[in-house]
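Quick mapping for you: the protein sequence lines, in order, are chains G and A. For the first sequence, counting from 1, position 5 maps to 28 in the working numbering; every step adds exactly one. For the second sequence, counting from 1, position 110 maps to 133 in the working numbering; every step adds exactly one. All residues carry an ideal CB built from backbone N, CA and C; glycine is no exception. Everything on this sheet refers to the single structure shown next.
Number of protein chains: 2
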Amino acid sequence: MQKLEEHISEVSFPKGHILLRANKVESSIYFIKKGIARLYTQTPDNEITFLFCKEGDTLMSLKSYVTGQKGYEDVELLEDCELYQLKAEVLENLYQSDIHIANWGRKLAELELVKTEERFIARQFRTASERYHELLQLHPDLIQRVQLGHIASYLGISQVSLSRIRAEIR
Amino acid sequence: MQKLEEHISEVSFPKGHILLRANKVESSIYFIKKGIARLYTQTPDNEITFLFCKEGDTLMSLKSYVTGQKGYEDVELLEDCELYQLKAEVLENLYQSDIHIANWGRKLAELELVKTEERFIARQFRTASERYHELLQLHPDLIQRVQLGHIASYLGISQVSLSRIRAEIR
DNA sequence: AAATAAATTTTACAAATGTTAAAAAATACT
DNA sequence: AGTATTTTTTAACATTTGTAAAATTTATTT
Chain G
24 MQKLEEHISE VSFPKGHILL RANKVESSIY FIKKGIARLY TQTPDNEITF
74 LFCKEGDTLM SLKSYVTGQK GYEDVELLED CELYQLKAEV LENLYQSDIH
124 IANWGRKLAE LELVKTEERF IARQFRTASE RYHELLQLHP DLIQRVQLGH
174 IASYLGISQV SLSRIRAEIR
Chain A
24 MQKLEEHISE VSFPKGHILL RANKVESSIY FIKKGIARLY TQTPDNEITF
74 LFCKEGDTLM SLKSYVTGQK GYEDVELLED CELYQLKAEV LENLYQSDIH
124 IANWGRKLAE LELVKTEERF IARQFRTASE RYHELLQLHP DLIQRVQLGH
174 IASYLGISQV SLSRIRAEIR
């Protein structure tokens with residue numbers, strides 16, 4: 024960890040800033056100290072928000088980081104953000120020279136993988152309503168901090184559907 | 024690779040064999056030499072197939088492998104299978120002692136992660152029909168080798184819906 | 001080959017979700 | 001405070017997908 028910290032710098036960006044761009048090879052990964060961001064892909068007729076990252080999360084263009092190819096997502100900061108920045112190139116060198124860091128990076132990827140697979144499965148056998156209520160349980164702050172259009176996209180439903188779901192209870 | 028091979032053994036199981044069990048800590052990971060398997064989770068009213076693994080793929084209970092906790096999936100072999108087996112415990116030791124293997128394991132997880140995320144996003148902005156035709160393009164053999172009930176589950180739709188989609192073209 | 005079982009398709013209807021447009025509410029700006 | 005802008009909700013209708021049951025096809029067994 025100490026060895027990693029030597030190569031990490033701290034950066035800040037205002038709300039609305041586009042941190043990462045689709046179709047670009049991104050050269051850094053970030054750890055969020057403060058703030059929240061959304062990752063989304065552009066499609067012909069709209070945009071799909073597929074992930075939110077907040078305090079404690081790792082933020083990167085996954086495909087870019089893993090394959091060195093162009094990523095498919097834009098990243099927009101939804102609040103003023105304070106981030107820890109680590110250059111991908113530096114990290115790659117550390118992986119090759121330090122076995123502890125290599126295993127840290129492995130664990131990082133593995134844990135993300137479990138999270139993503141679990142979310143994928145949940146999508147397959149929960150109704151939209153169940154997914155909304157689960158999100159409400161696990162990340163109640165998200166619904167406060169992020170506008171509902173993005174939440175709806177994240178849940179894979181239209182904003183109208185989300186409104187209906189929210190109206191059910193009251 | 025050579026160092027890995029020393030610890031790998033070859034095993035065979037017949038069609039229908041349940042290779043991995045949900046709610047069990049699984050002690051091995053497998054690489055498929057020949058055959059095909061489906062990973063699925065049991066739910067109160069049915070089962071959800073969320074992944075197929077075939078020749079060249081890595082097969083494991085992901086959560087078990089990563090966290091050492093109970094997994095959530097059963098794995099059924101859909102054909103007679105020949106597998107390479109590697110004990111998780113042995114692998115873990117190799118990770119700690121050999122930086123090349125640690126980075127190989129990291130790459131393994133990272134590439135799976137990109138695949139899973141891309142599939143997750145595709146699920147979010149493609150219609151069921153598009154997903155079926157994409158599967159047909161990318162893995163035409165799957166539709167031949169796996170019964171359609173499982174394919175439907177994998178695509179996240181009912182078997183009736185899948186039948187409708189297949190009927191459209193003809 | 002006939003009988004049985006399993007898998008797939010079809011049908012009819014119900015429920016969920018999407019689309020478009022408008023209204024209402026909340027937020028930001030001057 | 002008042003106006004403009006953005007976000008959220010509501011309404012009406014169209015489309016998609018699901019469920020259950022029957023019909024058909026395919027595979028398996030005797």
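Quiz item: Can you find at least 3 beta carbon pairs, one from the segment 149-160 of chain A and one from the segment 68-88 of chain A, that sit closer than 8 Å?
Solution: The segment 149-160 of chain A makes no contact with the segment 68-88 of chain A: fewer than 3 CB pairs, one atom from each, lie closer than 8 Å.
Practice problem: Anything in the segment 131-155 of chain A with a Cβ closer than 9 Å to a Cβ of chain G? List those residues in chain order, please. | Solution: Going along the segment 131-155 of chain A in chain order, one finds Leu131, Ala132, Glu133, Leu134, Glu135, Leu136, Val137, Thr139, Glu140, Glu141, Arg142, Phe143, Ile144, Arg146, Gln147 and Phe148 with a Cβ nearer than 9 Å to chain G.
Quiz item: Is the CB of Gly179 (chain G) under 8 Å away from at least one CB in chain A?
Solution: Counting from 1 along the first sequence, the entry for residue 179 (chain G) is found at position 156. Chain A contact via Cβ: present.
Quiz item: Would the beta-carbon of Glu102 (chain A) fall within 8 Å of that of Arg168 (chain A)?
Solution: Counting from 1 along the second sequence, the entry for residue 102 (chain A) is found at position 79. Counting from 1 along the second sequence, the entry for residue 168 (chain A) is found at position 145. Cβ atoms of Glu102 (chain A) and Arg168 (chain A): closer than 8 Å.
Self-check item: 8 Å contact criterion, which Leu161 (chain A) and Val89 (chain G) should meet: CB distance rounded
Solution: Your numbering for residue 161 (chain A) matches position 138 in the second sequence. Your numbering for residue 89 (chain G) matches position 66 in the first sequence. Approximately 19 Å separates the beta-carbon atoms of Leu161 (chain A) and Val89 (chain G); this is outside 8 Å, ruling out the contact.
Self-check item: Assigned secondary structure, Lys47 (chain A) (DSSP; H/G/I helix, E/B strand, else coil)
Solution: Taking the second sequence and counting its residues from 1, the one referred to as residue 47 (chain A) is at position 24. It is coil, neither helix nor strand.
Quiz item: Looking at C-alpha atoms only, which residue of A:Leu62, A:Phe54 and A:Thr139 is the closest neighbour of Leu43 (chain A)?
Solution: Within the second sequence, numbered from 1, the residue matching residue 43 (chain A) stands at position 20. Among A:Leu62, A:Phe54 and A:Thr139, the Cα nearest to that of Leu43 (chain A) belongs to A:Leu62.
Practice problem: Output the distance between the C-alpha atoms of Glu112 (chain G) and Trp127 (chain G), rounded to the nearest integer angstrom. | Solution: Taking the first sequence and counting its residues from 1, one reaches residue 112 (chain G) at position 89. Taking the first sequence and counting its residues from 1, one reaches residue 127 (chain G) at position 104. For Glu112 (chain G) and Trp127 (chain G), the distance between alpha carbons rounds to 16 Å.
Quiz item: Terminal residues of the continuous alpha helix (DSSP H) containing Leu160 (chain G)?
Solution: The residue given as residue 160 (chain G) occupies position 137 in the first sequence. The displayed chain sequence assigns Gln, not Leu, to residue 160 (chain G). Ala151 to Leu161 is the span of the alpha helix (DSSP H), which, as asked, contains Gln160 (chain G).
Exercise. Whole angstroms is fine: what's the gap from Tyr177 (chain G)'s alpha carbon to Ser50 (chain G)'s?
Key: Here the question's residue 177 (chain G) lines up with position 154 in the first sequence. Here the question's residue 50 (chain G) lines up with position 27 in the first sequence. The straight-line gap from Cα to Cα measures roughly 26 Å.
Quiz item: What did DSSP end up calling Gln147 (chain G) once you bin it into helix, strand or coil?
Solution: As a working mapping, residue 147 (chain G) is identified with position 124 in the first sequence. Helix.
Quiz item: Does the beta carbon of Gln119 (chain A) come closer than 8 Å to any beta carbon on chain G?
Solution: Locating residue 119 (chain A) in the second sequence gives position 96, where the first residue counts as 1. Nearest CB-CB separation between Gln119 (chain A) and chain G: below the 8 Å threshold.
Exercise. Go through its chain and collect everything with a Cβ distance to Leu74 (chain G)'s Cβ below 6 Å, but skip five positions before and after it.
Key: Within the first sequence, the letter at position 51 stands for residue 74 (chain G). Contacts found: Leu62.
Quiz prompt | Assigned secondary structure, Leu96 (chain A) (DSSP; H/G/I helix, E/B strand, else coil) | solution = If you number the second sequence from 1, residue 96 (chain A) lands on position 73. The question names Leu, but residue 96 (chain A) is Glu in the sequence shown. If DSSP states are grouped into helix, strand and coil, Glu96 (chain A) belongs with coil.
Exercise. Please check if any C-beta of chain A sits within less than 8 Å of the C-beta of Lys86 (chain G).
Key: Within the first sequence, the letter at position 63 stands for residue 86 (chain G). At a cut-off of 8 Å between C-beta atoms, Lys86 (chain G) counts as an interface residue with respect to chain A.
Quiz item: How about Gly58 (chain G) and Glu105 (chain G): do their beta carbons lie closer than 8 Å?
Solution: By one-based count along the first sequence, residue 58 (chain G) stands at place 35. By one-based count along the first sequence, residue 105 (chain G) stands at place 82. Yes, the Cβ-Cβ distance between Gly58 (chain G) and Glu105 (chain G) is below 8 Å.
Practice problem: Please work out which residues of its chain come closer than 8 Å, Cβ to Cβ, to Asp121 (chain G), disregarding the five sequence neighbours upstream and downstream, and give them in chain order. | Solution: The residue given as residue 121 (chain G) occupies position 98 in the first sequence. Once the five neighbours on either side are set aside, the close Cβ partners of Asp121 (chain G) are Lys26.
Quiz item: Name the chain G residues that come within less than 7 Å of Thr90 (chain A), Cβ to Cβ?
Solution: Counting from 1 along the second sequence, the entry for residue 90 (chain A) is found at position 67. Residues of chain G passing the Cβ test: Val137.
Quiz item: Secondary structure at Leu101 (chain A), three-state DSSP: helix, strand or coil?
Solution: Along the second sequence, read from residue 1 onward, the residue named residue 101 (chain A) stands at position 78. Three-state result, Leu101 (chain A): coil.
Practice problem: Note down the Cα distance separating Phe54 (chain G) from Glu141 (chain G), rounded to an integer number of angstroms. | Solution: In the first sequence, residue 54 (chain G) corresponds to position 31, counting from 1. In the first sequence, residue 141 (chain G) corresponds to position 118, counting from 1. Each residue's alpha carbon lies about 22 Å from the other.
Quiz item: Does Ala125 (chain A) have its Cβ less than 8 Å from a Cβ in chain G?
Solution: Counting from one through the second sequence, the residue named residue 125 (chain A) turns up at place 102. Yes, its Cβ sits closer than 8 Å to a Cβ of chain G.
Quiz prompt | Simplified DSSP state of Gln119 (chain A), which is helix, strand or coil | solution = The residue you call residue 119 (chain A) lines up with position 96 of the second sequence. Residue state, collapsed to three classes: helix.
Quiz item: Quick one: what's got a C-beta closer than 6 Å to Phe36 (chain A)'s C-beta in the same chain, skipping five residues either side?
Solution: Residue numbering aside, residue 36 (chain A) sits at position 13 when the second sequence is read from its first letter. So the qualifying residues of the chain are Leu100 and Cys104.
Practice problem: Say whether chain G places a C-beta atom closer than 8 Å to the C-beta of Gly58 (chain A). | Solution: If you number the second sequence from 1, residue 58 (chain A) lands on position 35. No, its Cβ sits nowhere closer than 8 Å to a Cβ of chain G.
Self-check item: Pairwise C-alpha distance: Leu158 (chain G) and Glu70 (chain A)
Solution: Residue numbering aside, residue 70 (chain A) sits at position 47 when the second sequence is read from its first letter. Residue numbering aside, residue 158 (chain G) sits at position 135 when the first sequence is read from its first letter. Roughly 23 Å between the two C-alpha positions.
Quiz item: Would a C-beta distance cut-off of 8 Å place Tyr107 (chain G) and Lys38 (chain G) closer than the cut-off?
Solution: As a position in the first sequence, residue 107 (chain G) is number 84, starting the count at 1. As a position in the first sequence, residue 38 (chain G) is number 15, starting the count at 1. In this structure, Lys38 (chain G) does not lie closer than 8 Å to Tyr107 (chain G) by Cβ.
Quiz prompt | Paired residues, beta bridge with Leu74 (chain A) - DSSP | solution = One-based indexing of the second sequence puts residue 74 (chain A) at position 51. A:Leu62.
Self-check item: DSSP-derived helix/strand/coil call for Ile55 (chain A)
Solution: As a first step, residue 55 (chain A) is located in the second sequence; it is residue number 32 there, counting from the start. The answer is strand: DSSP assigns Ile55 (chain A) an E or B state.
Quiz item: Can you give the Cα-Cα distance for Ala60 (chain A) and Ile174 (chain A), rounded to whole angstroms?
Solution: Counting from one through the second sequence, the residue named residue 60 (chain A) turns up at place 37. Counting from one through the second sequence, the residue named residue 174 (chain A) turns up at place 151. If you take the alpha carbons of Ala60 (chain A) and Ile174 (chain A), they lie about 12 Å apart.
Quiz item: Roughly how many angstroms lie between the CA atoms of Ala45 (chain G) and Val98 (chain G), to the nearest whole one?
Solution: Within the first sequence, residue 45 (chain G) is the residue found at index 22, counting from 1. Within the first sequence, residue 98 (chain G) is the residue found at index 75, counting from 1. Spanning the two alpha carbons is a distance of roughly 8 Å.
Quiz item: Name the chain A residues whose beta carbon is nearer than 8 Å to that of Ile71 (chain G)?
Solution: Against the first sequence, residue 71 (chain G) aligns to sequence position 48. By Cβ distance, chain A contributes Ile144, Gln147 and Phe148.
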